[in-house]
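Participant: Chains as they are written, first to last, in our numbering: chain C, 17 to 226; chain Z, 17 to 226; chain L, 17 to 226; chain A, 17 to 226.
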DNA sequence: TATGAATGAGAATTCATTCAT
DNA sequence: GATGAATGAATTCTCATTCAT
């Protein structure tokens with residue numbers, strides 16, 4: 017019987033809670049109740065709240081960044097790599113929706129509280145992007161641009177899209193405006209990739225991916 | 017004697033605190049101290065914490081959205097309107113940096129807690145954008161696109177850029193990586209506008225603004 | 017134009033509030049609002065809360081006790097005096113309903129907080145009752161009894177009746193039980209007087225008042 | 017080791033405090049201190065102040081009413097039942113002196129705040145009394161009377177007597193008036209029973225209980 | 001491991017009172 | 001006399017954390 021370990025159960029519940037309410041808004045009592053464990057058990061497994069938070073970030077960020085790096089490595093051309101970068105980021109964000117919320121809050125805090133590990137992970141992504149863009153410049157397909165801005169476009173757009181899925185559904189109800197209800201990330205990633213790549217290309221007549 | 021009104025002083029201090037720490041992380045005692053007023057004074061002017069928060073959002077969001085609408089109205093062509101939309105959003109966000117942080121947190125919450133007024137303001141922006149894009153389609157300059165995605169690109173990118181200014185400065189120190197230190201929003205807005213507009217244009221040979 | 021003086025207006029409002037909520041439950045802000053005066057005005061006219069309370073008690077208790085004494089003096093026989101004592105107490109309590117509530121609360125506090133003046137007034141009533149009962153014993157119409165118990169019967173019964181008028185009306189609604197709705201004090205005073213006097217009479221064949 | 021449970025300890029302390037100072041006058045800090053428990057413990061066991069108050073009323077009222085009902089059931093004649101009703105009410109009130117104080121305050125509030133349970137309990141008493149009086153009328157021993165008035169005489173008198181025991185002791189000291197010092201409830205109940213029954217009897221020559 | 005109970009340090013809110021005009 | 005604003009001292013309640021079993 018594949019009983020989920022208590023420590024794991026707590027970690028998952030905590031991630032959801034931190035995503036929904038932020039670090040300060042997440043309450044240990046609620047966590048215990050929602051996980052169906054005793055409050056003291058949390059402390060048996062996780063030292064304290066801040067450490068638990070760090071565990072959550074670690075468990076959340078690392079595999080996402082790893083997945084992106086692996087995916088990008090499988091492509092060879094700069095253009096394909098960039099497209100893969102963006103699409104994988106989108107896919108992973110959509111698959112682990114708490115990632116977007118937590119990242120957004122941390123960015124909102126100026127990232128000051130962001131545990132070192134999470135910061136490191138975000139820098140790995142940025143570094144990867146820089147390499148891809150540099151490769152593109154070398155290959156004469158991309159113009160020179162500020163990688164940071166591209167990074168912001170990717171992360172900002174996707175995060176916002178994923179984090180607002182529930183909001184948009186609510187608005188769609190209120191307003192009867194169906195267009196708000198877009199909740200599939202794939203096309204968003206696609207269009208974002210197209211937009212960014214097109215703006216980077218040296219030669220606009222260069223063939224675009226479909 | 018132009019004494020700043022206490023209510024106003026509290027509102028400003030509260031906005032900063034909410035932006036820095038989020039709703040739950042902002043502490044009324046700190047607010048009182050930072051404003052140099054008595055704790056009870058806060059309650060004299062603002063009923064309770066949640067109401068104070070709503071007041072902050074109201075004071076923050078409305079003028080920004082108003083400014084964007086006014087600016088866009090002064091242009092006539094869809095392309096110019098869109099550029100103005102993006103640049104004004106960037107300019108306003110940069111001028112009132114708490115806006116980005118607060119909006120990001122709210123988005124992270126799925127916007128569920130977002131007071132009605134703030135939601136309404138964000139919808140005003142979106143509605144404006146829709147009109148501009150529709151006009152562009154009418155004028156045959158723009159391809160048909162999902163306005164929501166464009167909206168996300170604008171808001172997500174700019175917000176992330178503005179909100180991470182302090183983070184990036186910190187990172188720049190740590191890493192000695194000067195490129196992180198970009199803190200002037202204007203070029204970001206410019207490049208974002210160019211990127212988005214270029215991807216929207218029906219005819220890539222269409223003349224771009226410099 | 018017979019404008020009610022502010023001090024007076026406050027006194028009346030305060031009496032109601034103290035009766036409804038007790039000393040601790042009465043809130044100065046509410047008082048100001050209900051009286052339509054500024055909070056600071058209360059302190060202009062009444063020093064502080066406890067003093068205001070004393071003023072209320074004084075204004076409430078003294079005329080009631082005076083009225084009883086005057087009324088009793090107008091009778092000559094012990095039996096008539098006692099009847100008058102009870103009926104006047106009932107009448108006055110009904111006319112000034114806040115009296116019952118305030119007295120009950122004070123009694124509930126063990127009367128420890130009861131300002132001296134109010135205590136004195138209650139003792140005047142008790143002293144009067146003692147005299148009447150003693151006179152009855154002298155006149156051989158009354159048996160010797162403990163005046164305090166008679167006092168309690170009178171005050172306890174009438175107070176309870178008057179104070180519960182609103183409660184009983186509520187209950188009558190809920191239960192559809194009309195008998196609860198007795199709200200005219202006169203017959204209660206009458207029956208109470210009859211009950212007490214009958215139990216005091218030496219000779220049960222002694223003529224009773226109708 | 018028969019350690020008194022904390023929840024119970026709090027309940028008892030709270031009952032005393034509510035009786036002495038009323039709901040608004042009872043302060044949670046004081047309660048914690050007097051019980052020798054931590055402030056937060058109170059909330060661990062009792063949700064909030066109002067709930068704690070309700071728990072107190074429940075624990076206080078129910079057994080008293082139960083005792084009265086049981087005692088009355090053991091008698092058969094209406095006259096004996098009524099005497100037992102009054103005497104048991106007196107006995108119970110004396111045994112749990114906080115009952116009188118709390119009931120008086122609630123009555124003073126017009127009973128409006130009185131938690132449903134306490135109201136229900138008081139109605140059980142009234143209903144019992146009605147049955148006894150009705151039985152007496154059936155048995156032709158009692159005249160028809162308004163049960164509510166009889167109820168008020170019983171409750172009002174006994175409550176006042178019990179609640180004022182401390183006051184009277186104080187007065188007795190001040191005045192040197194020994195007669196005030198009556199603090200044994202039994203004779204009061206006895207006399208009250210005699211008084212009420214005598215006034216209810218159809219035939220005054222009817223044999224009274226000693 | 002798990003849990004019910006406990007707790008100290010806060011944190012939001014209230015309230016009587018005062019002050020400047 | 002009257003009033004809007006301010007304030008210090010509570011007061012209720014919360015929350016992360018610990019302890020005994």
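Where is the CB? At the ideal position from N, CA and C, for every residue including glycine.
Treat the numbers as computed from the prediction; the structure is a model and nothing was measured.
Considering just the uninterrupted stretch of the alpha helix (DSSP H) at residue 67 of chain Z, what are its terminal residues?
Facilitator: That run of the alpha helix (DSSP H) goes 65-89.
Participant: So with CB distances below 9 Å, who are the chain A contacts of residue 71 of chain L?
Facilitator: Chain A residues near residue 71 of chain L: none, gap ~20 Å exceeds 9 Å.
Participant: Counting only Cβ-Cβ distances shorter than 7 Å, please list the residues of the stretch 111-124 of chain Z near chain C, keeping chain order.
Facilitator: Within the stretch 111-124 of chain Z, the residues whose Cβ lies closer than 7 Å to some Cβ of chain C are 117, 120, 121, 123 and 124, listed in chain order.
Participant: Measuring alpha carbon to alpha carbon, tell me which residue in Z/126, Z/131, Z/81 and Z/96 is nearest residue 107 of chain Z.
Facilitator: With distances taken between Cα atoms, residue 107 of chain Z lies closest to Z/81.
Participant: Between residue 177 of chain A and chain L, is the shortest Cβ-Cβ distance under 8 Å, so that the two count as touching?
Facilitator: Residue 177 of chain A counts as touching chain L.
Participant: If you follow the alpha helix (DSSP H) that residue 14 of chain C is in, where does it begin and where does it stop?
Facilitator: The structure shown does not extend to residue 14 of chain C, since chain C is modelled only from 17 to 226, so the question has no answer here.
Participant: So, is residue 175 of chain Z buried or exposed, given that buried needs 16 or more other C-beta atoms within 10 angstroms?
Facilitator: That one is buried.
Participant: Can you tell me whether residue 200 of chain Z is buried or exposed? The criterion is at least 16 other CB atoms within 10 Å of its CB, across all chains shown.
Facilitator: That one is exposed.
Participant: Quickly, what does DSSP pair residue 158 of chain C with across the bridge? List them, please.
Facilitator: Beta-bridge pairing links residue 158 of chain C to C/217.
Participant: Would you say residue 79 of chain C touches the ligand ATP, meaning its beta carbon is less than 7 Å from a heavy atom?
Facilitator: In the structure on display, the ligand ATP does not appear, and there are no ligands present to speak of.
Participant: Please report how far the alpha carbon of residue 184 of chain C lies from the alpha carbon of residue 157 of chain C, in whole angstroms.
Facilitator: Answer to the nearest angstrom: the Cα atoms are 37 Å apart.
Participant: Is the CB-CB distance between residue 173 of chain L and residue 173 of chain A below 8 Å?
Facilitator: It is a contact, given that the beta carbons lie within the stated cut-off.
Participant: Rounded to a whole number of angstroms, what is the C-alpha to C-alpha distance between residue 30 of chain L and residue 211 of chain A?
Facilitator: When rounded, the distance between both Cα atoms is 38 Å.
Participant: Let me make sure I understand the geometry here. Which of L/116, L/147 and L/50 has the alpha-carbon closest to that of residue 98 of chain L?
Facilitator: With distances taken between Cα atoms, residue 98 of chain L lies closest to L/147.
Participant: Please check the pair residue 166 of chain L and residue 149 of chain L, which I expect to be a contact at CB under 8 Å, by giving their CB distance rounded to whole angstroms.
Facilitator: That pair is a contact at about 7 Å.
Participant: Is there a Cβ of chain Z sitting closer than 8 Å to that of residue 218 of chain C, yes or no?
Facilitator: No, because no Cβ of chain Z sits closer than 8 Å to the Cβ of residue 218 of chain C.
Participant: Can you give the beta carbon distance from residue 40 of chain Z to residue 154 of chain C, rounded, assuming they're within the 8 Å contact cut?
Facilitator: No, residue 40 of chain Z and residue 154 of chain C are not in contact; Cβ-Cβ is about 48 Å, not under 8 Å.
Participant: Compare the Cα-Cα distances from residue 68 of chain Z to each of Z/77, Z/52, Z/50 and Z/23 and report the closest residue.
Facilitator: Selected option, being the one with the closest Cα: Z/23.
Participant: What residue does the alpha helix (DSSP H) around residue 29 of chain C start on, and which one ends it?
Facilitator: Its alpha helix (DSSP H) spans residues 22-41.
Participant: Taking 8 Å as the threshold (beta carbon to beta carbon), is residue 107 of chain Z in contact with chain C?
Facilitator: Answer no: the Cβ-Cβ gap between residue 107 of chain Z and chain C never drops below 8 Å.
Participant: Output, in sequence order along the chain, the residues in the stretch 32-49 of chain C whose CB is closer than 8 Å to any CB in chain Z.
Facilitator: Result list: 35, 36, 37, 38, 39, 40 and 41.
Participant: Candidates A/34, A/116 and A/169: which alpha carbon is nearest residue 204 of chain L's?
Facilitator: Nearest of A/34, A/116 and A/169 to residue 204 of chain L, Cα basis: A/169.
Participant: Just how far apart, CA to CA, sit residue 84 of chain A and residue 34 of chain L?
Facilitator: Distance between the alpha carbons of residue 84 of chain A and residue 34 of chain L: 33 Å.
Participant: So, for residue 46 of chain C: in the same chain, excluding its five sequence neighbours on each side, which residues have a beta-carbon less than 8 Å away from its beta-carbon?
Facilitator: Answer for residue 46 of chain C: 33, listed in chain order.
Participant: In angstroms, rounded to a whole number, what distance separates the CA positions of residue 94 of chain L and residue 111 of chain L?
Facilitator: If I take the Cα positions, the gap works out to 25 Å.
Participant: Reducing DSSP to helix, strand and coil, say where residue 54 of chain C ends up.
Facilitator: Three-state result, residue 54 of chain C: coil.
Participant: From residue 100 of chain C to residue 90 of chain C, what does the alpha carbon distance come to, in whole angstroms?
Facilitator: Distance between the alpha carbons of residue 100 of chain C and residue 90 of chain C is about 9 Å.
Participant: Under 8 Å, Cβ to Cβ, is there at least one residue of chain A near residue 21 of chain L?
Facilitator: It does not; no Cβ of chain A falls within 8 Å.
Participant: Inspect the beta-carbon positions of residue 102 of chain C and residue 58 of chain C and report whether they are closer than 8 Å.
Facilitator: Going by C-beta atoms, residue 102 of chain C is not nearer than 8 Å to residue 58 of chain C.
Participant: Pull out every residue of the stretch 143-171 of chain L whose Cβ sits closer than 8 Å to any Cβ of chain A, in chain order.
Facilitator: Listed by position, the residues of the stretch 143-171 of chain L near chain A (Cβ gap below 8 Å) are 161, 162, 163, 164, 165, 168, 169 and 171.
Participant: Using the Cα positions of residue 189 of chain L and residue 136 of chain A, report the straight-line distance between them to the nearest angstrom.
Facilitator: One C-alpha to the other measures close to 15 Å.
Participant: For chain L, is any of its Cβ atoms less than 8 Å away from the one on residue 214 of chain A?
Facilitator: Chain L contact via Cβ: present.
Participant: Identify whether residue 222 of chain A lies in helix, strand or coil by the three-state DSSP scheme.
Facilitator: With a pLDDT of 45 at residue 222 of chain A, under the threshold of 50, the modelled position of that residue is not reliable, and no figure is offered here.
Participant: Which of the three DSSP states is assigned to residue 130 of chain Z in this structure?
Facilitator: In this structure, residue 130 of chain Z counts as coil in the three-state DSSP scheme.
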